[in-house]
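Undergrad: Per this note's numbering, residue 3 is the first one in the sequence shown, and the count goes up by one each step.
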Amino acid sequence: MAKIGFIGTGIMGHPMALNLQKAGHSLFLSQHHNAAPADLVAGGAVALANPKEVAQEAEFIIVMVPDTPQVDDVLFRADGVAAGVGAGKVVIDMSSISPTATKAFAAKINDKGAQYLDAPVSGGEVGAKAATLSIMVGGDSAAFERALPLFQAMGKNITLVGGNGNGQTAKVANQIIVALNIQAVAEALLFAAKNGADPAKVREALMGGFASSKILEVHGERMIKGTFDPGFRISLHQKDLNLALQGAKELNINLPNTANAQQVFSTCAAIGGSNWDHSALIKGLEHMANFSIRDK
3 MAKIGFIGTG IMGHPMALNL QKAGHSLFLS QHHNAAPADL VAGGAVALAN PKEVAQEAEF
63 IIVMVPDTPQ VDDVLFRADG VAAGVGAGKV VIDMSSISPT ATKAFAAKIN DKGAQYLDAP
123 VSGGEVGAKA ATLSIMVGGD SAAFERALPL FQAMGKNITL VGGNGNGQTA KVANQIIVAL
183 NIQAVAEALL FAAKNGADPA KVREALMGGF ASSKILEVHG ERMIKGTFDP GFRISLHQKD
243 LNLALQGAKE LNINLPNTAN AQQVFSTCAA IGGSNWDHSA LIKGLEHMAN FSIRDK
């Protein structure tokens, strides 16, 4: 069993770390930001003062934090991961961050003699708890093979996409597809309800045809019931779409539908919904239409 440093035990990271612990791996946790979760410590995890100490103790160091600046801080602060790594260690960033920054981070870690994998995930809190996450990996194939048992304890669909940065590129592509599917479901249910149809019955009918999707199944139900506790916060999806739009600018391509979905998320944020689940995109459309599909 491996010695694993796990930094970032929030909505996603906590169940991911718990699944690694259940699989028999030893955990080392950093308390530089928050106290280590009591249940992980009770299960045998060792709480240390900072990421450097975690990196010194662990063979694999997993980072699962919200955004690029937080990954930069965890890795390269004075008492960060980079100060504690060396030959034989593997740093695995499972956050969703900039592909461009990822390549720079990987080069710095590799220069320390360690190996770097970017391995963002898809599947939300449900997938994290069930250990059914999709994991998109960028990096060296030998490092990927070493880390594969860890990934298998957290997910099901595990793909080595290519070199460093390609895992993050795949995740940004994933977030484009998810956002546009959420918007499609939201627009369809708004159209149906405004036209006098029962949106729950419309969803039931569509689930049997070519429009069926996991988002129509799961998030369509959330939209109808109005259950918007996160899962995956709108603010985080906005961050991911910003990465897509920034990357599109660098590549000199146009992503018009991605830009439109981001505008609807911005409407949600403007009415106080930054911390709603991303399925609450429908509330932005409802706000613009002055109509709710949940009104009787």
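In this text, a Cβ means the ideal position worked out from N, Cα and C, and glycines have one as well.
Going by the beta-carbon positions, is the gap between residue 209 and residue 219 smaller than 8 Å?
TA: Against a cut-off of 8 Å, the Cβ pair of residue 219 and residue 209 comes out as a contact.
Undergrad: Taking the straight line between their C-alpha atoms, what separation do you get for residue 250 and residue 257?
TA: Rounded to whole angstroms, residue 250 to residue 257 spans 7 Å at the Cα level.
Undergrad: What does the alpha-carbon distance come out to for the pair residue 27 and residue 236?
TA: Those two C-alpha atoms are separated by around 33 Å.
Undergrad: Helix, strand or coil for residue 257? Go by DSSP, reduced to three states.
TA: In the structure shown, residue 257 sits in coil (DSSP, three-state: anything other than H, G, I, E or B).
Undergrad: When you compare only the Cα positions, how much space is there between residue 149 and residue 243?
TA: Their Cα atoms are separated by approximately 28 Å.
Undergrad: Please list, in chain order, all residues of the same chain as residue 25 whose beta carbon is under 7 Å from its beta carbon, the five residues on each side excluded.
TA: Cβ within range, chain order: 155.
Undergrad: Which class does residue 74 belong to by DSSP, given the choice of helix, strand or coil?
TA: Correct three-state label for residue 74: helix.
Undergrad: Could you tell me the distance, in whole angstroms, from the CA atom of residue 52 to the CA atom of residue 215?
TA: Going by the C-alpha atoms only, they are around 42 Å apart.
Undergrad: Name the DSSP bridge partner or partners of residue 235?
TA: 279.
Undergrad: Report back the beta-carbon spacing between residue 299 and residue 95 to the nearest angstrom; my notes put them in contact at under 8 Å.
TA: Because the chain is modelled from 3 through 298, residue 299 falls outside the range shown and cannot be assessed.
Undergrad: Confirm, please, whether the CB-CB distance from residue 188 to residue 225 is below 8 Å.
TA: Yes, the pair counts as a contact, with Cβ atoms nearer than the cut-off.
Undergrad: Rounded to whole angstroms, what's the CA-CA distance from residue 84 to residue 109? Just pull it up for me.
TA: Approximately 11 Å, taken between the alpha carbons.
Undergrad: Tell me whether residue 94 sits in a helix, a strand or coil according to DSSP, three-state version.
TA: DSSP places residue 94 in strand when its eight states are reduced to three.
Undergrad: Within its chain, find whatever has a CB closer than 6 Å to the CB of residue 11; leave out the 5 residues flanking it on each side and keep chain order.
TA: Same-chain partners within the cutoff: 19 and 39.
Undergrad: Threshold first: 4 residues or longer. Then list the alpha helix (DSSP H) segments lying entirely within the segment 168-254, N to C.
TA: The segment 168-254 contains these whole alpha helix (DSSP H) runs: 168-196, 201-208, 216-227 and 236-253.
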